[in-house]
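Asker: Position 5, counted from 1, in the sequence shown is what the numbering used here calls 6; the numbers after and before it change by one each time, with no gaps.
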Amino acid sequence: TPLVAGEFPVACSVPGHKEAGMVGTLTVTSE
């Protein structure tokens, strides 16, 4: 369970995938 709201970068950990664009943003909101 996330403890802090915010936007956090995420990327695929398979070699070469991050460089190929497999990235995104995880958005956590408070209830």
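All residues carry an ideal CB built from backbone N, CA and C; glycine is no exception.
#1: Roughly how many angstroms separate the alpha carbons of G25 and S14, rounded to a whole number?
#2: Counting only the same chain and skipping the five closest in sequence on each side, list residues whose C-beta sits under 7 Å from that of A6.
#3: Spatial neighbours of V11 within its chain, please: CB distance less than 8 Å, with the 5 preceding and 5 following residues excluded, ordered by chain position.
#4: With DSSP as the reference, identify every bridge partner of L27, one or two as the case may be.
#5: Check the Cβ-Cβ distances between P3 and every residue of chain B, and say whether any is below 8 Å.
Answerer: With the structure as the only source:
#1: About 12 Å.
#2: V29, T30, S31
#3: V24, G25, T26, L27
#4: F9
#5: The structure shown contains no chain B; it holds only a single protein chain.
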